[in-house]
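Protein chains: 2
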Amino acid sequence: MFETIAIVGATGAVGRIIRQLLEEREFPYRNIRFLASKRSAGTKITFKGEEHVVEEMTPEIFSGIDLAIGSTPDETAKEFCPWAVERGCVVVDESGYWRMDPNVPLVVPEVNPEALENHRGLISSPNCSTTQMVVAMKPLHEFGRIRRVVVSTYQATSGAGVKGQEDLKAGARAFLAGEDYQYQAFKHPIAFNLVPQIGSPKYQGYTSEEMKMVHETHKIFGDDTIRVCPTCIRVPVDNCHSESILVETEKKITVAQARELFAATPGIKVVDDLDSGKYPMPAQCDGDDAVFVGRIREDLSSDNGLAFWCVSDNLRKGAATNAVQIAELLVKSQAAV
Amino acid sequence: MFETIAIVGATGAVGRIIRQLLEEREFPYRNIRFLASKRSAGTKITFKGEEHVVEEMTPEIFSGIDLAIGSTPDETAKEFCPWAVERGCVVVDESGYWRMDPNVPLVVPEVNPEALENHRGLISSPNCSTTQMVVAMKPLHEFGRIRRVVVSTYQATSGAGVKGQEDLKAGARAFLAGEDYQYQAFKHPIAFNLVPQIGSPKYQGYTSEEMKMVHETHKIFGDDTIRVCPTCIRVPVDNCHSESILVETEKKITVAQARELFAATPGIKVVDDLDSGKYPMPAQCDGDDAVFVGRIREDLSSDNGLAFWCVSDNLRKGAATNAVQIAELLVKSQAAV
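Listed in order, the protein sequences are those of chains F and U.
For what it's worth, the UniProt record's numbering labels the leading residue of the first sequence as 1, then goes sequentially.
For what it's worth, the UniProt record's numbering labels the leading residue of the second sequence as 1, then goes sequentially.
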């Protein structure tokens, strides 16, 4: 058990869910502290029935903290993670800043828990669109060795934070009333529209969000020969990312085998009955920690391909849940020592 | 010129646009008539400033019509097309019913105009999701021979007709007000949600909409060795279908070549400048007859692959415009005789 734990970025969209999860999952600790930027410091939040005051994050504050779970913008994580690690505080970081650092393990507990061993005080949790995909890939990869992935995403506005969610609702209200609306989080209108750009231009016409799906997948599986072609699209959905995924494997996987493999994997829920109109939909996966798969079928365009549809709550498994699961593994490995 | 022309299904979502297009494009005729089911017969519509009464479609009525452009449900087309053809009326049919009939050419004027030759009085126009895809495929196929297509669609509610569009708006209004709404056109809520089923279960876990994209593509290119893996998803967008498309070709096509090939193709508009945040989005393509392509990039997962994003107004190029273009070709071929 860690004596004193902290949530860094406690007032954000993901921070709020980390708080919920620590309650729900009875995460062990003696003391808990809530940190945020200067702007949010002083905010009062209720946790397990008690009122707490959010503290400003400073280098010194981490001297009194043993484990920090961080969900902050990249620039904040760049600063606070070294402050914490230097003072002996273990950090599970949700931001994008440290993920590709060779000294930092990038962990999805269902996929590569072994990467946690010999960590140097800082562990990264992957990007939301990567996490749900690698959870679904894992049993297929173990069985048939994945050589190639073609993925098109349908990403919710909550991926752009609370402001993204507010934008969608306010934009939709304005549109329906025939009024103009000035978007805050998006550079193009998202209500009743699609925006085929998430992140900034990064590599040969691919965006930063798309390249995260390539590089993080390689790092998590420890195999950069898996070829990944991602297309990331923002859709007018409040929460839960969806992905149309096609994998090609060395060894053929039938639909029946895939369904069994998925069903036997902790963290995956199979909802796959087209005849009865049953498949995962974002509005129904909201608030769930699982990665949902459905529409499982053999690829009509290759001999060893499998196509499926994958939905997961990007604020939960895509962010908060994965970070808390990493923290739980750290607690377990302490107990084992 | 055809002496007397008719629009069958004149009061529907696509019928309304066919009317607009005949005006806009100054389609030649001496007399025009508007037909619909018994339910809509008697409706008054204004066309070129004159009031017309919609007539009920009967077998006999086609004796006085030389060219009919039909946009009706499949079951209606099954009935009326033989009535018309038997009476010497040429039919351009938008429905799905006749498309795969070996005696009926399936035509996209930019792709296979030659299929019109020797028609037997009935010509089909493809499904909306197929049409925009094959227009984009055509220049790539001619240059590099496409062997495989992986496509994930983002299809607007207008594909389910006027009721689909009303459902989205009413459903969104109710959701924002915290009220329930009973959907008419969709079996699952579509506002702020995604539904990974369009059409009915058809073949090995694929839906009828998905299999249309396979079979119609084969018929239009006259090549059933092109392997197609489609995933069709309904999204909360009013109008314009979007598609994330990956093609693999025999001969490699670079991004620069693809951009040139697309730009040189009538009917295609290239909007492709990620650095400036420019790419096709459904809200901006609404009301345009073109097929828009953007986000053109080399496939990171194969050696001869090309990925791009394709948006088109499904009521226009996906339906009305394509049918009117076929009718225009028929007028031209008459003139040539």
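Cβ coordinates follow ideal geometry from the N, Cα and C atoms, glycine included.
Asked                                                                                                                                                                                                     : Found
Would F:Thr157 and F:Val237 be called neighbours here (beta carbons separated by less than 9 Å)?                                                                                                          : yes
DSSP puts F:Asp93 in a beta bridge; with which residues?                                                                                                                                                  : F:Gly70, F:Ser124
Using the beta-carbon of each residue, which ones in chain F are nearer than 7 Å to U:Lys219?                                                                                                             : The contacting residues do not exist; U:Lys219 stays about 16 Å from chain F at best.
Helix, strand or coil: how does DSSP classify F:Trp98 here?                                                                                                                                               : coil
Anything in the region 183-197 of chain U with a Cβ closer than 8 Å to a Cβ of chain F? List those residues in chain order, please.                                                                       : Lys187, His188, Pro189, Phe192, Asn193, Leu194, Val195, Pro196, Gln197
What did DSSP end up calling U:Cys229 once you bin it into helix, strand or coil?                                                                                                                         : strand
Grab me the residues of U:Met133's own chain with a C-beta within less than 8 Å of its C-beta, minus the 5 sequence neighbours each way, in chain order.                                                  : Val149, Val151, Met213, Thr217, Glu243, Ile245, Cys310
In the structure shown, what three-state DSSP assignment does U:Ala163 receive?                                                                                                                           : It is Lys, not Ala, that sits at residue 163 of chain U in the sequence shown. Correct three-state label for U:Lys163: helix.
I'd like the list of long-range same chain contacts for F:Asn304, defined as Cβ closer than 6 Å, with 5 residues on each side in sequence excluded.                                                       : Glu248, Thr249, Lys252
Is the number of C-beta pairs between the region 65-81 of chain U and the region 47-54 of chain U that are closer than 8 Å three or more?                                                                 : no
Examine the Cβ distances between the region 70-85 of chain U and the region 107-122 of chain U and report whether three or more of them are shorter than 8 Å.                                             : yes
In the DSSP assignment, find the alpha helix (DSSP H) that holds U:Leu261 and state where it starts and stops.                                                                                            : 255-263
Could you work out which residues of chain F lie near U:Val90, taking near to mean beta carbons separated by less than 9 Å?                                                                               : Near U:Val90 there are no residues of chain F at all, since even the closest Cβ is about 35 Å away, more than 9 Å.
Quick one: what's got a C-beta closer than 7 Å to U:Ile17's C-beta in the same chain, skipping five residues either side?                                                                                 : Leu315, Arg316, Ala320
Note down, one range per segment and in chain order, each beta strand (DSSP E) of at least 3 residues found wholly within the UniProt domain "Semialdehyde dehydrogenase NAD-binding" (4-119) of chain F. : 4-8, 31-36, 44-47, 50-53, 67-70, 90-93
Assuming the contact rule is C-beta atoms closer than 8 Å, U:Val108 and U:Val135 should be a hit. Round their C-beta distance to whole Å, please.                                                         : 6 Å
So, helix, strand or coil for U:His218, using DSSP?                                                                                                                                                       : helix
With 16 as the cutoff for other CB atoms within 10 Å, does U:Pro280 come out buried or exposed?                                                                                                           : buried
Is the Cβ of U:Asp275 closer than 9 Å to any Cβ of chain F?                                                                                                                                               : yes
Determine the contact status of U:Ala283 and F:Pro189, defining contact as a CB-CB distance below 9 Å.                                                                                                    : yes
Give the residues of chain F in contact with U:Lys169, contact being defined as C-beta atoms less than 7 Å apart.                                                                                         : Leu176
Tell me the DSSP secondary structure of F:Glu179 in three-state form.                                                                                                                                     : coil
Verify the CB distance criterion: does F:Gln204 have a CB-CB separation below 9 Å to chain U?                                                                                                             : yes
Around the Cβ of U:Asp286, are there at least 16 other Cβ atoms within 10 angstroms (buried) or fewer (exposed)?                                                                                          : buried
For U:Gly199 and F:Glu210, I'd like the C-alpha separation in whole angstroms.                                                                                                                            : 30 Å
Is the CB of F:Tyr29 under 9 Å away from at least one CB in chain U?                                                                                                                                      : no
Given a cut-off of 9 Å on the beta-carbon distance, is the pair residue 355 of chain U and U:Phe27 in contact?                                                                                            : For residue 355 of chain U there is no data in the structure shown, the boundaries of chain U being 1 and 337.
Compute the Euclidean distance between the alpha carbons of U:Pro73 and U:Ile268, then round it to the nearest angstrom.                                                                                  : 28 Å
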